[in-house]
Amino acid sequence: MSATVFSRRALQTTTRRLAAVNPSVFTKTSISRLPAPLAIATGQNFQIRPAATSTVSQAQGADILAAQRRHRPVSPHLSIYRPQVTWYLSALNRITGCILSGSLYVFGAAYLVSPLFGWHLESATLAASFASLPIIAKVGLKAFFAFPFTFHSFNGLRHLAWDTGRTITNQQVIRTGWSVVGLSVVTALGLTFL
Numbered sequence: 611m612s613a614t615v616f617s618r619r620a621l622q623t624t625t626r627r628l629a630a631v632n633p634s635v636f637t638k639t640s641i642s643r644l645p646a647p648l649a650i651a652t653g654q655n656f657q658i659r660p661a662a663t664s665t666v667s668q669a670q671g672a673d674i675l676a677a678q679r680r681h682r683p684v685s686p687h688l689s690i691y692r693p694q695v696t697w698y699l700s701a702l703n704r705i706t707g708c709i710l711s712g713s714l715y716v717f718g719a720a721y722l723v724s725p726l727f728g729w730h731l732e733s734a735t736l737a738a739s740f741a742s743l744p745i746i747a748k749v750g751l752k753a754f755f756a757f758p759f760t761f762h763s764f765n766g767l768r769h770l771a772w773d774t775g776r777t778i779t780n781q782q783v784i785r786t787g788w789s790v791v792g793l794s795v796v797t798a799l800g801l802t803f804l
């Protein structure tokens, strides 16, 4: 007999003798709470607990549900967290994306249906109508599109850098966030007053 086979048999024999002499040692351990392999294999390791049910009317069910809802904890949501620049920039990135894409879709649809309605959306007509606006309206309209464009562009570059695994620590995310805000404002002002 090899040494491993002998040591296994000696362990089994010792365990059987110990279990025969003192069975409570094996029933009070965490090992005894595990299901036996045969019970697992035959699917007999599931506990079945009968549920007591009673029929209630729909109004009583609604009352029970309302009582349960009154005792549920309310999630604190954003009120327990300190606002951070990353929150605002994430929301602003989505908002600027919606402004830019929404404007493009609306203009594209209007441009396609303009011959049907007799609208003149050619480049010359748009340039002439823009030139006829007061200076405040021109600056406001240019700023309305310049800031979302520059912010969304710079923040998109920031996200591309994150995709490569760079500038992903907390300090770097905050620093690049404020850099995006500064670059966006300066570039938007430059585009607005060209």
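Just so you know, the numbering used here puts the end of the sequence shown at 804, numbered straight through with nothing missing.
Note that beta-carbon positions come from the ideal geometry of N, C-alpha and C, so glycine has one too.
Bounds of the alpha helix (DSSP H) holding W772 are 745-773.
Going by C-alpha positions, T625 is about 38 Å away from P660.
Judged by pairs of C-beta atoms under 8 Å, the stretch 778-793 does not touch the stretch 736-746, as fewer than three such pairs exist. Selection F754, C708, V666, L726 evaluated against A798 yields F754 as nearest (Cα-Cα).
Judged by DSSP in its simplified three-state form, Y691 adopts coil rather than helix or strand. Of all C-beta pairs linking the stretch 662-674 to the stretch 725-735, fewer than three are shorter than 8 Å, placing the two stretches out of contact. When R618, A620, L801, N765 are compared, the shortest CA-CA separation from V695 is found for N765. By the neighbour-count criterion, in which a residue is buried when 16 or more other Cβ atoms sit within 10 angstroms of its Cβ, L699 is buried.
F717 is classed as exposed because its beta carbon has fewer than 16 other beta carbons within 10 Å across all chains shown. Just so you know, the alpha carbons of V795 and G750 end up roughly 14 Å apart.
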